[in-house]
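Below: one structure, written as structure tokens.
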Amino acid sequence: MNILGISAFYHDSAACLIQDGKIVAAAQEERFTRIKHDAAFPKNAIEYCLEFSGLSIDELDAIAFYDKPFLKFERLLETYLSFAPKGIRSFVTAIPVWLKEKMFLKKLIYDSLKEVGEYEKDEVTLLFPEHHLSHAASAFYPSKFENAAILTIDGVGEWATASICLGKGNEIKILRELKFPHSLGLLYSAFTYYLGFKVNSGEYKLMGLAPYGNPDSELLQDYIEKIKTELVDIREDGSIWLNQTYFDYATGLRMVKDKKWEVLFGFPRREGEAELEQHEADLALAIQMVTEEIVIKMAKEAKKLTGANAICLAGGVALNCVANGKLQNEGIFEEVYFQPAAGDAGGAVGATLATQFIYFDEKRSPEFPDSMNGAYLGPEFFNIDVERALRKFKPKFKHYEDSDLFPKIAKILDEGNVVGWFSGRMEFGPRALGGRSIIADPRRVDMQKKLNLKIKKRESFRPFAPSVLAEYASEYFELNSGSPYMLLVQPIKEELCAELPKGYNGLPLREKLAVKRSDYPAITHIDFSARIQTVHKDTNPRYWSLIDAFREQTGCAMVVNTSFNVRGEPIVCTPEDAYRCFMNTEMDYLVIGEYVFAKKEQPEWTEKIEFDKD
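By our numbering, the letter at position 61 of the sequence shown is numbered 83, and the numbering carries on one by one without gaps.
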């Protein structure tokens, strides 16, 4: 059975193909168009999935879209009616778009598919599972569990903003839903907006800023109190009620009412590139702590309702790896599984699996450790592809067999160089996991600054993640499970941490950055934590072998891993994308498969790119 899943038209469009219940291909449209968070119909991603499988559209048993547009339209109309006469301006703006595109989504999908290839419309079954069902399916069905609680949390689907479900065999039973406009995802996005980051893409920046907040300050406690008394009422079961007098997302064109927030918190909304102040970091920490409290309460309610020993999570909030780590440490469930593409892109995966196991009622056979193939589901390029793609640049390179390549790159990393690593299939989801990564030595004090300012062209406070051999992870981190998808933040071992200077919490942000916090400063966040990727030999043997070679060279069983892109651009997809990124940054070496490119040996590069804000 061949089923294509599509997520599109809101943000992070993607396509996924399953064959006989197996996920064989998945990719985000942004990787092909080079438009970050591209919301357009995923024509290129679909073409890739079909080409990978050798199928035509006519050979598909079904095409599934990840939500129900009519229910969304119902929510839009009801919301405007309930808030009337407020929001007339945004209503006039939104409705024509909905009438033109979303209301006639079935026709739009059929028409868009014609750009992919010819097909007989009557032969194509088009299905629309609900948004949060797609999220729940994306988390539960790929997991190894026969039975599990499922928690989905995001901004909003059709009506639901969070759900608690029970997964059992083929069945997913929705037990509890939180409805719009009350939404943890939208609450977190509101703070993302107020602190000067872009909604639907800057939430991870807010998470990265939070540890710079002063945990000992009275201001932090004041912010938490104001959030919990004025903005959100948190119930014991994890459900929340948001005071809409402070928000504008339901009917307005902004997330919040800026002036009311300014009065509440005592400072105006931060403008995009303005210097970050301590009170802004304190507010980021406040909402992060409130978010963690709500997630944990929701998980406890899921335990109460299901009695399950395991829980699966999806939805945009499941990408909050700090909250994920706190949830794991609570020990509410014996095991926790996070969908690696937890946001809307992963809805394409969920839509296919919901179709396979619910609509067609096919038998499910859970796989260990999961059926996501390490998230390596995108395009792969071979030697001939590399040579053909880069011929026009006349690059200088050397070819190495893997047995020579890994020690070579290990030595290059040990010398303090930054390496672009392009190997195997592209990752699906927001994290680079050793397929399209920039890697470096985590022991170097200057590496975080170098990577942020000279390579990534981004804010200096942003942390970097370690890729650590799974066999050695417990030597470096307080980690009692695998973290293959870089979705868990956990502390660094205490014995590896440095003693902080007196008065550290009161230092300005810039001065905090300069303090060495552990033996591995490049991957140690300001609160002595790290966003960990455990690398497993069976899912990515080349990346594992490279890190193992670095271990043999240095005694260190991990490398710095950040996504292979620059600010404002998606992660690279093709060899050409990789070479352009390499030549437009201060990366020292590039590895594409078995080829090594040294920056100092390359022909003069005249093409310049503008680094957009993201």
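We put the beta carbon where it would ideally sit given N, CA and C, even for glycine.
These numbers come from a predicted model, not from an experiment.
Note to self: In the DSSP assignment, the beta strand (DSSP E) including Asn405 goes from what residue to what residue?
What the structure shows: Asn405 -> not in any beta strand (DSSP E); alpha helix (DSSP H) instead, spanning Asn405 to Leu412.
Check: Any idea if Asp426 is buried or exposed, counting beta-carbon neighbours within 10 angstroms, 16 or more meaning buried?
Finding: exposed
Checklist line | Cβ distance (whole Å) where Cys343 is taken to contact Arg553 below 8 angstroms | finding: 5 angstroms
Item checked: Length at least 3, wholly inside the region 276-343: the beta strand (DSSP E) runs in chain order -> 332-336
Next item on the list: Answer with buried or exposed for Met469, where buried requires no fewer than 16 other C-beta atoms within 10 angstroms of its C-beta.
Entry: buried
Check: Would you say Ala296 and Phe202 are within 9 angstroms of each other, going by their C-beta atoms?
Finding: no
Notebook entry, point to check: Since Asp424 is in the beta strand (DSSP E), which residue starts that stretch and which ends it?
Noted result: First-last for Asp424: Asp424 to Asp436, but that is the alpha helix (DSSP H), not the beta strand (DSSP E).
Notebook entry, point to check: For Arg410, which residues of its own chain have a beta-carbon under 8 angstroms away from its beta-carbon, when the five flanking residues on both sides are left out?
Noted result: none
Next item on the list: Give the C-beta separation of Met20 and Tyr215 to the nearest angstrom, bearing in mind that I take them to be a contact with Cβ-Cβ under 8 angstroms.
Entry: Outside the displayed range of the chain (23 to 636) lies residue 20, so it cannot be described from this structure.
Check: With Gly27 and Ala86 assumed to form a contact (beta carbons below 8 angstroms), what rounded beta-carbon distance in angstroms separates them?
Finding: 5 angstroms
Item checked: Residue interval of the alpha helix (DSSP H) (run including Asp599) -> Pro597 to Met605
Note to self: Taking the alpha carbon of Thr174 as the reference point, which residue from Lys166, Ser160, Pro164 and Phe167 has its own alpha carbon closest?
What the structure shows: Ser160
Next item on the list: Inspect the CB distances between the region 395-413 and the region 176-196 and report whether three or more fall short of 8 angstroms.
Entry: no
Check: Going straight from the alpha carbon of Leu612 to that of His547, what length do you get?
Finding: 26 angstroms
Next item on the list: Taking Leu501 as part of the beta strand (DSSP E), name the residues at either end of that continuous run.
Entry: That residue, Leu501, is in no beta strand (DSSP E); it is neither H nor E in DSSP.
Next item on the list: Indicate whether the contact test is met: 3 or more Cβ pairs, each with one atom in the region 460-474 and one in the region 388-405, closer than 8 angstroms.
Entry: no
Item checked: Beta-carbon proximity check, Ala367 vs Glu574, cutoff 9 angstroms -> no
Next item on the list: Excluding the 5 residues preceding and the 5 following Arg484 in the sequence, name in chain order all residues of the same chain whose CB lies nearer than 8 angstroms to its CB.
Entry: Lys227, Gly230, Asn474 and Lys478
Next item on the list: Provide the residue(s) that pair with Asn169 in DSSP beta bridges, ordered along the chain.
Entry: Lys190
Notebook entry, point to check: Thinking C-alpha only, which one of Ile131, His153 and Gly456 is nearest Thr147?
Noted result: Ile131
Note to self: Contact between the region 231-241 and the region 298-309 is defined here as three or more beta-carbon pairs at a separation below 8 angstroms; is this criterion met?
What the structure shows: yes
Item checked: Sufficient close CB pairs (3 or more, under 8 angstroms) joining the region 603-610 to the region 498-512 -> no
Notebook entry, point to check: Does Lys325 have its Cβ less than 9 angstroms from a Cβ in chain D?
Noted result: No chain D appears in the structure shown, which is made up of a single protein chain.
Next item on the list: Taking Asp259 as the reference, give the member of Asp244, Glu493 and Lys326 with the closest Cα.
Entry: Lys326
Next item on the list: Assign Trp181 to one of two classes, buried (16 or more other C-beta atoms within 10 Å of its C-beta) or exposed (fewer than that).
Entry: buried
Note to self: Please report the distance separating the alpha-carbon of Gly446 from that of Lys65.
What the structure shows: 23 angstroms
Notebook entry, point to check: Relative to the alpha-carbon of Leu568, which residue among Trp443, Ser505 and Leu77 has its alpha-carbon at the smallest distance?
Noted result: Trp443
Notebook entry, point to check: Can Val618 and Tyr422 be called in contact, C-beta distance under 9 angstroms?
Noted result: yes
Notebook entry, point to check: In whole angstroms, what is the alpha-carbon distance linking Pro592 and Glu52?
Noted result: 6 angstroms
Item checked: Reduced DSSP secondary structure (H/G/I, E/B, other) of Pro57 -> A small fix is needed here, since residue 57 is Ile in this sequence, not Pro. Coil at Ile57, not helix or strand.
Notebook entry, point to check: Counting only runs that start and end within the region 531-576, where is the alpha helix (DSSP H) found for 4 or more residues in a row?
Noted result: 531-535 and 563-576
Item checked: Beta-carbon contacts of Gly451 that lie in its chain and below 6 angstroms, excluding the five residues immediately before and after -> Pro362, Ala363 and Ala397
Notebook entry, point to check: With C-beta atoms as the reference, is Leu206 less than 9 angstroms away from Ala171?
Noted result: no
Notebook entry, point to check: Quick one, are the C-beta atoms of Asn346 and Val511 less than 9 angstroms apart?
Noted result: yes
Margin query: Taking the straight line between their C-alpha atoms, what separation do you get for Gly590 and Lys385?
Written below: 42 angstroms
Next item on the list: Determine the burial state of Gly525: buried for a count of at least 16 other Cβ atoms within 10 Å of its Cβ, exposed for fewer.
Entry: exposed
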